[in-house]
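Below is one structure, written out as structure tokens; comments come after it.
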Amino acid sequence: MKQQTLAMAADQGAGFEQYRRPTKRDVFLETMDQIVPWAQLCEVVEPYYPKGQGGRPPVGLERMLRMHFVQHWFDLADEACEEALLDSTALRRFVGVDLGRERVRDGTTLLKFRRRLERNKLGEQLFARVGEVLQGRGLKVGTGTIVDATIIGAPSSTKNADKARDPEMHQTRKGQQWYFGMKLHIGVDSQTGLAHSAVVTAANVHDKHPLPALLHGDDRRVYGDSAYASQKKLITSKAKKAKDLTNQRVRNRSGEVDEARRSKNRNKSKIRARVEHVFAVVKRLWSFGKVRYRGLAKNATRAFTVLALANIYMSRTRLMTGASMSSQSGSRDPLARPFMARKSNQSHRSSRVPRFSIKLFAKTMASSAKH
Numbered sequence: 039m040k041q042q043t044l045a046m047a048a049d050q051g052a053g054f055e056q057y058r059r060p061t062k063r064d065v066f067l068e069t070m071d072q073i074v075p076w077a078q079l080c081e082v083v084e085p086y087y088p089k090g091q092g093g094r095p096p097v098g099l100e101r102m103l104r105m106h107f108v109q110h111w112f113d114l115a116d117e118a119c120e121e122a123l124l125d126s127t128a129l130r131r132f133v134g135v136d137l138g139r140e141r142v143r144d145g146t147t148l149l150k151f152r153r154r155l156e157r158n159k160l161g162e163q164l165f166a167r168v169g170e171v172l173q174g175r176g177l178k179v180g181t182g183t184i185v186d187a188t189i190i191g192a193p194s195s196t197k198n199a200d201k202a203r204d205p206e207m208h209q210t211r212k213g214q215q216w217y218f219g220m221k222l223h224i225g226v227d228s229q230t231g232l233a234h235s236a237v238v239t240a241a242n243v244h245d246k247h248p249l250p251a252l253l254h255g256d257d258r259r260v261y262g263d264s265a266y267a268s269q270k271k272l273i274t275s276k277a278k279k280a281k282d283l284t285n286q287r288v289r290n291r292s293g294e295v296d297e298a299r300r301s302k303n304r305n306k307s308k309i310r311a312r313v314e315h316v317f318a319v320v321k322r323l324w325s326f327g328k329v330r331y332r333g334l335a336k337n338a339t340r341a342f343t344v345l346a347l348a349n350i351y352m353s354r355t356r357l358m359t360g361a362s363m364s365s366q367s368g369s370r371d372p373l374a375r376p377f378m379a380r381k382s383n384q385s386h387r388s389s390r391v392p393r394f395s396i397k398l399f400a401k402t403m404a405s406s407a408k409h
């Protein structure tokens, strides 16, 4: 065990700040530390991570994964993440950095790690592994699937060095408004509200085309908005026993409204609305409303990663309950890891994470930059 330095003791609040209280960011990071299956996720990346056979040893895999997730949670670029770790005690404690003994890894190290994930398509594997872990914890995929798609915007300007837009992004019209970018199609379990499948396409691809890839095959009920109306053949091509419960168009060719069909659509939408909860976490909390990189491949890796983190976040109450029971029984469950450098005399903290807690840090950094 490493000897504790004064910097680490200060980060842990070892009696130096007796009036300090936990912030929303502290509570959020502590919750994520306990419920993210770090061991299983490291197993996914480990075969592609350098072994350090010669020269300077590589940074620990779990530490790099933690920094990578911090980037997604707080919408930080590589260099901004480095600055945030230097500035925030809570982030250093979460990542496990002791400034009295080591430096914070720079933005280039984060860039190389992210490109390694993109090159080997590990975002999709992380998403799948999180699904397996959640199913093992009782959050199993049921027989109902909700399908939907959302537009992720991309820069449409041609005022750049190439005088052109991203060739892999395209435009589409929604209502009377035109959008440029890509689409994120997801399939969500109707019972748990967790995403179990996803497809990334350009924005001009119709919602119905990736529909079979969003079903797992054992579906009995398929919900969706009117973009998936009259697609029973596509549904049964993947799930033969599935019942088409997608919303149907309420206006006929003469423009008259079918009130009975509208009432049925309203009842279906009470279940279908759960897919919007996933998009709310991905686009509002994780700030994936716009692409950060050029090309579909890089943004697809980010999409799968944020979906995996969204599933964990939306399951936090169930996972925290399991983590508490495991810690009381002395289990070695990887989901029940104790928080790094946690104070022994610290009062009990609520496991409930405020809905918009992760936005606090971004706003704090923005205000400090102005001053």
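Heads up, the sequence shown is in this note's numbering, so the first residue is 39 and it goes up one at a time. By construction, the Cβ of each residue, glycine as well, lies at the ideal position given by its N, Cα and C atoms.
- Here Ile190 is not near Gly92, since their CB atoms are 9 Å or more apart.
- When DSSP states are grouped into helix, strand and coil, Phe218 belongs to the strand group.
- Approximately 5 Å separates the beta-carbon atoms of Lys246 and Gln269; this is inside 8 Å, confirming the contact.
- Runs of the alpha helix (DSSP H) lying entirely within the segment 97-170 and spanning at least 4 residues, in chain order: 99-112, 116-125, 127-133, 145-157.
- Annotation: the segment 236-300 contains the following complete segments of the beta strand (DSSP E) (minimum length 3 residues), in chain order: 259-261.
- Residue nearest to Gly134 within the set Ala338, Lys278, Val108 is Val108 (criterion: CA-CA distance).
- For Gln209, the enclosing beta strand (DSSP E) covers residues 208-212.
- Non-local beta-carbon contacts of Thr210 in its own chain, meaning distances under 6 Å to residues more than five positions away in sequence, involve Tyr217, Ala241, Asn242 in chain order.
- Taking 9 Å as the cut-off, the Cβ atoms of Tyr86 and Pro96 do not count as close.
- Across the structure, Glu314 and Ala346 are spaced so that their CA atoms are roughly 16 Å apart.
- Distances from the alpha-carbon of Arg356 to those of Thr183, Gly174, Leu137 put Gly174 closest.
- With contact defined as three or more Cβ pairs closer than 8 Å, the segment 224-241 and the segment 252-263 are in contact.
- Listed in chain order, the non-local C-beta contacts of Met70 below 6 Å within the same chain number zero, local neighbours out to five positions each way being set aside.
- Of the other Cβ atoms in all chains shown, 16 or more fall within 10 Å of the Cβ of Leu323; this residue is therefore buried.
- Taking a cut-off of 8 Å for Cβ pairs, the segment 196-213 and the segment 148-163 do not touch, as fewer than three such pairs fall below it.
- Note: Ala318 is not bridge-paired with any residue in the DSSP secondary-structure output.
- A Cβ-Cβ distance of about 16 Å is found for the pair Ala298 and Thr284, leaving them out of contact under the 8 Å criterion.
- Cα atoms of Thr274 and Lys150: separation of roughly 43 Å, rounded to the nearest angstrom.
- Excluding its 5 nearest sequence neighbours in each direction, Ala236 has C-beta neighbours in its own chain below 6 Å: Ile224, Leu345, listed in chain order.
- Rounded to whole angstroms, the gap between the alpha carbons of Leu155 and His106 is 10 Å.
- Sequence-distant Cβ neighbours of Glu206 in its own chain, meaning closer than 6 Å and more than five residues away, are Gly333, Leu334.
- The Cβ atoms of His244 and Ala265 sit closer than 9 Å to each other.
- For the pair Val238 and Arg58, the Cα-to-Cα distance works out to about 44 Å.
- One Cα belongs to Thr146, the other to Glu117, and the distance between them is close to 8 Å.
- Looking from the CA of Lys221, the closest CA among Val320, Ile73, Gln72 belongs to Val320.
- Counting the other Cβ atoms within 10 Å of the Cβ of Asp186 gives 16 or more, which makes it buried.
- With contacts defined by Cβ atoms closer than 9 Å, Val288 and Asp282 do not form a contacting pair.
- Arg101 is the residue among Arg340, Asn337, Arg258, Arg101 whose C-alpha sits nearest the C-alpha of Phe132.
- Gly169 and Phe112 have their C-alpha atoms some 23 Å from each other.
- Residue environment: Glu140 is assigned as exposed (fewer than 16 neighbouring CB atoms within 10 Å of its CB, all protein chains considered).
- Approximately 24 Å separates the beta-carbon atoms of Leu67 and Glu84; this is outside 8 Å, ruling out the contact.
- Comparing alpha carbon positions, the residue from Pro248, Arg340, Ile309, Leu232 closest to Arg153 is Arg340.
- Apart from sequence neighbours up to five positions away, the residues of its chain that approach Lys279 with a beta-carbon distance below 7 Å are Arg258, ordered along the chain.
- The Cβ-Cβ distance between Ile184 and Val260 falls below 9 Å.
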